[in-house]
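All remarks here apply to the structure that follows.
What follows is the structure in structure tokens.
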């Protein structure tokens, strides 16, 4: 059963500590020991802590309990909250979001890293059904977190057909970005969302989140196999990270498909040309980027991004 993992989402992040009188995201010289020896109680300022949820891979099967199209084995008596080898019923998704709101209702933002549709074949799905699923999961989050900023990203199963995008699917991007328009409000954000499903959002005076569409780089995506920069996202990433460095901002990268990181098993998700460029870009701006958050793998892992020479970023 593929479900949103409430327990992993419960690890709400302490974005960064001020450690004294320095800026909210750059510890002052008086508290450099915090970075070296850990965030000791004498050096922490609770007013500087930020909290957010990270949810991913809902995989909502709107046929659950009827035909159960996502189930990998015959199911005669499906459970109310899910069944092994099946994707998620709406009841499970709504209950998970309700539990999030009970555990920590007041958060600064929610990272939502995609894959809302079920694992069903192309002949059983359609663009209309995909949009219905995205609208339904969006409404479920908005119902329990009506005043919270949500930063959604596209997963490979959010597209129809699944995995396929190169930035030319204008009608699809327009429709989904419209569904998410309560959270994507600035003209520049909406422009890049409609161009290729990526955008930048300032979540505090010195902290920015980049919602990146890494489905472009997925090896199963035949539409992007022979391209170099779908929807010019790499160009946008470099410009946005450079501007963040100039403005002394810190950045969280939020996306669905992660790059290849050997820990402990190597999953080669990206085409080689995209893997090289993505890792080079992320390591070059490692002084700006404070965290990466991805979905896709259906497991809770913590990994260290490495340069091609083996050094950690």
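Residue numbers (the UniProt record's numbering): 1 to 313.
A virtual CB, placed ideally from N, CA and C, is assigned to each residue, including glycine.
CB-CB under 8 Å to residue i, same chain, minus the five flanking residues each way: which ones, in chain order?
i           : result
residue 101 : 144, 145
residue 182 : 142
residue 190 : 177, 181, 184, 199
residue 281 : 234, 237, 238, 241
residue 270 : 214, 217, 218, 219, 257, 259, 260, 278
residue 37  : Summary for residue 37: the model assigns pLDDT 38, below 50, so the residue's position carries little reliability, and this model does not support an answer.
residue 149 : 108, 109, 110, 183, 201, 203
residue 169 : 159
residue 273 : 228
residue 46  : At residue 46 the pLDDT is 46, less than 50, meaning the model places this residue with poor confidence and gives no usable figure here.
Taking C-beta to C-beta, are residue i and residue j nearer than 7 Å?
i           : j           : result
residue 295 : residue 256 : yes
residue 93  : residue 58  : yes
residue 164 : residue 72  : no
residue 244 : residue 208 : yes
residue 230 : residue 167 : yes
residue 151 : residue 247 : no
residue 114 : residue 139 : no
residue 279 : residue 259 : yes
residue 253 : residue 292 : yes
residue 80  : residue 98  : no
Take residue i and list the residues in its own chain whose beta-carbon comes closer than 6 Å to its own, dropping the five residues that flank it on each side.
i           : result
residue 64  : 89
residue 131 : 175
residue 249 : 206, 208
residue 195 : 231
residue 122 : 161
residue 147 : none
What does a CB cutoff of less than 7 Å around residue i pick up in its chain, not counting 5 residues either side in sequence?
i           : result
residue 134 : 116, 158, 176, 179
residue 330 : Not covered by the structure: residue 330. The range shown for the chain is 1 to 313.
residue 192 : 198, 199, 236
residue 127 : 160, 172
residue 137 : 58, 60, 93, 116
residue 221 : 163, 164, 165, 215
residue 289 : 251, 253, 282
residue 225 : 271
Any beta carbon of chain C sitting closer than 7 Å to that of residue i?
i           : result
residue 220 : Absent from the structure: chain C. Only one protein chain is present.
### Query
Along the chain, which unbroken stretches of the beta strand (DSSP E) at least 3 residues long are found entirely within the stretch 112-193?
Unbroken beta strand (DSSP E) runs of no fewer than 3 residues, entirely contained in the stretch 112-193, are found at 149-152, following chain order.
### Message
With a threshold of 8 Å, are at least 3 pairs of Cβ atoms found where one atom belongs to the stretch 160-175 and the other to the stretch 199-206?
### Response
Inter-segment contact for the stretch 160-175 and the stretch 199-206 is absent: fewer than three beta-carbon pairs are separated by less than 8 Å.
### Query
Enumerated in chain order, which unbroken segments of the beta strand (DSSP E) with a length of 3 residues or greater are wholly contained in the stretch 258-306?
As far as the stretch 258-306 is concerned, its whole beta strand (DSSP E) runs of at least 3 residues are 289-293.
### Query
At what residue ranges does the stretch 76-110 contain a whole run of the beta strand (DSSP E), taking only runs of 3 or more?
As for any beta strand (DSSP E) of minimum length 3 sitting wholly inside the stretch 76-110, there is none.
### Task
At 3 residues or longer, and completely inside the stretch 192-246: list those beta strand (DSSP E) runs for me, N to C.
Restricting attention to beta strand (DSSP E) runs no shorter than 3 residues, the stretch 192-246 encloses them at 199-204, 207-211, ordered along the chain.
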